[in-house]
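The numbering of the sequence shown is UniProt numbering, which starts it at 1 and goes up by one.
Note that CB positions come from ideal geometry on N, CA and C, so glycine has one too.
Below is one structure; the comments refer to it alone.
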Amino acid sequence: SPVPAVKNLLKNSGLKLDDFELIELNEAFAAQYLGCERELGLNREITNVNGSGIGLGHPVGCTGARIMVSLIYAMRKRGKTLGLATLCGGGGVSMACALEVL
Numbered sequence: 001s002p003v004p005a006v007k008n009l010l011k012n013s014g015l016k017l018d019d020f021e022l023i024e025l026n027e028a029f030a031a032q033y034l035g036c037e038r039e040l041g042l043n044r045e046i047t048n049v050n051g052s053g054i055g056l057g058h059p060v061g062c063t064g065a066r067i068m069v070s071l072i073y074a075m076r077k078r079g080k081t082l083g084l085a086t087l088c089g090g091g092g093v094s095m096a097c098a099l100e101v102l
């Protein structure tokens with residue numbers, strides 16, 4: 001789950017979840033997303049706005065690239081400047097990245 005990574009990012013950056021205009025959360029399966037939504041208090045209106053790993057596909061080996069490209073595309077299309085990308089992997093690995101489009 002990317003929850004610990006998101007919490008670390010927020011703590012270390014001084015940002016709040018509400019600061020992000022769009023969120024691209026790795027959604028390998030629905031139950032995983034629902035747990036993250038509950039733990040973080042995600043807003044569905046700004047999370048995975050073009051689909052998710054379930055809808056767009058879960059390309060093993062390049063999921064991070066898919067998530068970043070999807071987030072950048074969505075931010076540019078909507079004129080947003082601050083986004084959050086998350087990724088989780090087998091064995092408890094996770095990451096969170098704040099992305100600012102200038």
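Among the options, the one whose alpha carbon lies nearest that of residue i
| i | options | result |
| --- | --- | --- |
| residue 82 | 3, 28, 95 and 24 | 24 |
| residue 72 | 90, 97, 29 and 91 | 97 |
| residue 45 | 92, 91, 9 and 20 | 20 |
| residue 80 | 70, 89 and 101 | 101 |
| residue 49 | 99, 9, 93 and 75 | 75 |
| residue 9 | 89, 85 and 90 | 85 |
| residue 28 | 70, 69 and 57 | 57 |
| residue 54 | 62, 92, 33 and 68 | 33 |
| residue 90 | 51, 52 and 60 | 60 |
| residue 52 | 70, 15 and 93 | 70 |
Beta-carbon contacts of residue i that lie in its chain and below 6 Å, excluding the five residues immediately before and after
| i | result |
| --- | --- |
| residue 95 | 5 and 87 |
| residue 12 | none |
Cut-off 7 Å between Cβ atoms - residues of its own chain near residue i, not counting five sequence neighbours on either side
| i | result |
| --- | --- |
| residue 40 | 3, 6 and 17 |
| residue 47 | 23 and 25 |
| residue 36 | 1, 2, 3, 25 and 42 |
| residue 67 | 24, 26, 85 and 87 |
For this session: Jot down the residue ranges of each uninterrupted alpha helix (DSSP H) in the UniProt domain "Thiolase C-terminal" (1-100), minimum 4 residues, whole runs only, in chain order.
Result: 3-13, 30-40, 53-56 and 63-78
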